[in-house]
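Under our numbering, the first residue of the sequence shown carries the number 67, and numbering increases by one thereafter.
Notes to accompany the following structure.
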Amino acid sequence: MTERLYRCYAKVNLSLEVLGRRSDGFHDLASVVHTIGLADDLRLDLADALISRVEGLDIEPTANLVARAATLLRDASRSSRGAELTLLKRIPAAAGLGGGSSDAAATLLGLNALWDTRLGLTELKELATQLGSDVPFFLRGGAAMMRGRGEELEALPPLRAHWLVLIVPPHDLADKTQRVYGALVPEDFSDGAVSERLATRLRNTRSDGWQLADDELVNGFARAANAVFPRLAETHAAAQRVCGRRFHLSGAGPALFALAADRTDARLQAARLAAAGLVAQAVRTVKHARVSVRRAATAQG
Ligand code: C5P
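Here's what the structure looks like:
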């Protein structure tokens, strides 16, 4: 019997500024991040041992943060329980959309409930940080200001279904995140003011009917990502030409997104991009990191 089934949402970085390199090798960030409707499904069943399976997109076994999250939680809670973890991937891996991090956060919370291990949020956040800089955000999701290496989080009022058009250029770079961080030069660093301004606007404005503007968005990886991903600059320029609007990098890329006025506009732009040979989709912002699918189905009757 399926015990738990979660829809685990992706994110975009509406703004992302790199403040500088730290002595521990990580970089300090200032980023406004928001969950979006593109999602993986994660099923958790009780079992005798820990077994994890991935369906859908191909991902490298080592990139499967779900298995690592399960082992980490089991060791931290000194539990001897097992589980079968089945991941249906829809979020392209290593694209700057946080798919693996969202799956990992759902695994920590889901198994903590399934095994009744009762770790508190502080302990779960500690484990999340060990799994990756983006994982703590996905314990809650919605909108947040991210500082430090990503683990210092300030919750912000989420947007109300803001539509975006999303492009995920394919890539096959191993260690993509490290390579893009490694390509940063001091000129790419900024003081975080754009992100702080955007966070202030989210904090102070009722989001109903409120539209983001391109000038409020920035990504400090833009130059480095173009240097690291072959053909990204070309794809970016083509998308802007086809849609007549700006596209922004999410995370360390290569995913790109543009603001849309509403669902109709987002779908129209996605269709234009598809006609030009670019794989694109309309997505909207969502207010949580995940939903329990069975509970959602029950709630809808
Ligand atoms: O934490 P995560 O596993 O996502 O980080 C992958 C790599 O990205 C790190 O080893 C580091 O090189 C780089 N990174 C960084 N600063 C951050 C987050 C990640 O330099 N804030």
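For each residue, glycine too, the CB sits at the ideal point set by N, CA and C.
These numbers come from a predicted model, not from an experiment.
Counting C-beta neighbours from all protein chains within 10 Å, is the total for residue i 16 or more, i.e. buried, or is it exposed?
{"i": "residue 158", "result": "buried"}
{"i": "residue 367", "result": "For residue 367, the pLDDT reaches just 33, beneath the cut-off of 50, and the residue's location in the model is therefore unreliable, although a value from the coordinates is still provided. Exposed, by the Cβ-count rule."}
{"i": "residue 335", "result": "buried"}
{"i": "residue 144", "result": "exposed"}
{"i": "residue 276", "result": "exposed"}
{"i": "residue 230", "result": "buried"}
{"i": "residue 73", "result": "buried"}
From the DSSP output, in three-state form, read off residue i for me.
{"i": "residue 173", "result": "helix"}
{"i": "residue 335", "result": "helix"}
{"i": "residue 105", "result": "strand"}
{"i": "residue 80", "result": "strand"}
{"i": "residue 358", "result": "strand"}
{"i": "residue 144", "result": "coil"}
{"i": "residue 118", "result": "strand"}
{"i": "residue 367", "result": "Confidence in residue 367 is poor, its pLDDT being 33 and thus under 50, which makes the residue's placement unreliable; the coordinate value appears in the next sentence. Residue 367 falls in the coil class under three-state DSSP."}
{"i": "residue 195", "result": "helix"}
{"i": "residue 167", "result": "helix"}
{"i": "residue 206", "result": "coil"}
{"i": "residue 85", "result": "strand"}
{"i": "residue 183", "result": "coil"}
{"i": "residue 52", "result": "With the chain running from 67 to 367 in the structure shown, residue 52 is simply not present."}
{"i": "residue 69", "result": "coil"}
Using a Cβ distance threshold of 8 angstroms, determine whether the region 206–223 contacts the region 282–302, with at least three qualifying pairs required.
no
Please give me, in chain order, every unbroken run of the alpha helix (DSSP H) with length at least 4 that falls completely inside the region 229–317.
242–248, 259–270, 288–294, 298–309
Any contact between the region 332–344 and the region 183–200? By contact I mean 3 or more CB pairs, one from each, below 8 angstroms.
In short, these stretches do not touch, since the Cβ pair count stays below three.
For the region 167–175 against the region 196–206, are there 3 or more C-beta pairs whose distance is under 8 angstroms?
yes
Contact the region 346–363 vs the region 95–106: 3+ CB pairs below 8 angstroms:
yes
Using a Cβ distance threshold of 8 angstroms, determine whether the region 92–101 contacts the region 75–83, with at least three qualifying pairs required.
yes
Taking 8 angstroms as the cut-off, does the region 241–259 touch the region 276–290 (at least 3 CB pairs, one atom from each stretch)?
yes
Contact between the region 107–116 and the region 315–323: three or more CB pairs below 8 angstroms?
no
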